[in-house]
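Residue numbers (the working numbering): 1 to 279. From the three backbone atoms N, C-alpha and C, an ideal C-beta is built for every residue, glycine too.
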Ligand code: NAP
C-alpha cells in the first residue's frame with residue numbers, strides 16, 4: 001500500500017478561544033488556494049499547555065498560533081526562539097520541526113508594519129516622533145517594529161506608568177514616558193499615533209484622551225479592530241489625518257505562519273478582509 005502524505009493540520013491555542021477570528025481567516029485561505037489542510041481552534045488551559053504541545057505534532061500538526069494567555073509562557077517551552085520573539089518576550093506563531101523541536105516566532109510587529117505599508121504607502125516612519133497609548137503585550141511588538149524602521153523617538157503613555165517605564169528599560173533611550181494624565185501632550189509634533197490599549201474595543205471602556213493636539217499630517221492607527229472604525233480613528237479622520245484600522249495587522253501577522261505550515265504565501269486583500277468580517 002502506498003503511503004499517502006499526511007494532511008497538514010494547524011490551529012490556534014488559547015483560553016478562551018471561541019472569539020478568535022483566525023479559523024475563519026486560515027479557512028478562507030485554505031479554500032482559496034485549494035490546499036488540503038485544516039486549521040482548528042483549541043481551548044487549552046495553562047496547566048495543559050506543555051502536554052498539548054508534546055501531543056500535537058504526533059497528531060499531524062505542523063504548527064499553531066498561540067494567543068492569550070499563552071503568548072509569554074510559550075517561550076519557556078519552545079526550543080528555538082527567534083530574536084524578535086525574545087526581544088518582545090512573547091510568541092504567536094509556532095512551527096513543529098521535523099527534528100521534534102518547537103520553533104517560536106512573533107509576527108505581530110511585522111503584521112503591524114505590513115498593514116501600514118499596504119494602507120498608507122506614503123507614510124514615512126522617520127518623519128517625526130511616534131506617540132503610543134498603552135504598554136501591554138501588543139505595545140512591545142509595535143515598539144520593536146517602529147525602532148527597526150527608524151522612528152526617531154517613541155513617546156509612550158500608559159495608565160499604569162511602571163509598565164511604560166519597563167518598556168523604556170528594555171528598549172532604550174528612544175522611548176520617552178509620559179504620565180497618562182499628560183498623554184495629550186505627546187501628540188504635539190507626532191508623525192505617527194498609535195492606540196495599543198484595548199480602549200474603544202466593543203464591550204470595553206471608551207477612549208477618552210483628548211486628541212486636540214493631533215497634527216493633520218499624522219498617520220493614526222488603532223490596534224483595536226472591533227469596531228473597525230473606532231472613535232479614536234473617527235476623531236483622527238475628522239482632523240484630516242490618514243487613518244489605518246487594526247484588521248490589516250491581524251491579517252498580515254497570520255500570513256507567515258500560513259506560508260510555513262501550508263507552503264503558500266497568502267495574499268491579504270479586500271476579499272480576505274471580507275471573509276473575516278462576515279464570518
Ligand atoms: P494587554 O497586554 O492586556 O494590554 C492592555 C493595554 O490596555 C494596557 O496598556 C492597559 O493599561 C490598557 N488599558 C486597558 N484598560 C484600560 C483603561 N480602562 N484605561 C486605560 N488603559 C487601559 O493587551 P494587548 O495584548 O497589548 O492588546 C491590546 C489591544 O490590542 C487589544 O484590544 C487587542 O485586541 C489589540 N490587538 C490587536 C492586534 C491586531 O492584530 N490588530 C494584535 C494584538 C492586540 P494598563 O497597563 O494600565 O492595564
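{"query": "Inter-residue Cα distance where the pair is residue 198 and residue 163", "result": "15 angstroms"}
{"query": "Rounded Cβ spacing between residue 196 and residue 132 (contact assumed at less than 8 angstroms)", "result": "6 angstroms"}
{"query": "When 96, 62, 104, 146 are compared against residue 86, the one with the closest alpha-carbon", "result": "104"}
{"query": "Spatial distance of residue 62 from residue 190 (CA atoms)", "result": "42 angstroms"}
{"query": "Those runs of the alpha helix (DSSP H) which lie wholly inside the region 70-142 and span at least 4 residues", "result": "83-88, 108-119"}
{"query": "Distance between residue 225 and residue 247 (C-alpha atoms, nearest Å)", "result": "5 angstroms"}
{"query": "When 157, 203, 81 are compared against residue 312, the one with the closest alpha-carbon", "result": "Coverage of the chain is limited to positions 1 through 279, which leaves residue 312 absent and any answer about it impossible."}
{"query": "Residue 166 (DSSP reduced to helix, strand or coil)", "result": "helix"}
{"query": "Helix, strand or coil at residue 49 according to DSSP, with G and I counted as helix", "result": "helix"}
{"query": "Residue 201 to residue 5 span [Cα, whole Å]", "result": "43 angstroms"}
{"query": "Beta-carbon separation (whole angstroms), residue 251 vs residue 49, contact threshold 8 angstroms", "result": "Not quite, the Cβ-Cβ distance comes to about 26 angstroms (not below 8 angstroms), so this is no contact."}
{"query": "The region 177-187 contacting the region 210-221, beta-carbon criterion three pairs below 8 angstroms", "result": "yes"}
{"query": "Test item: CB-CB of residue 65 and residue 106 under 8 angstroms", "result": "no"}
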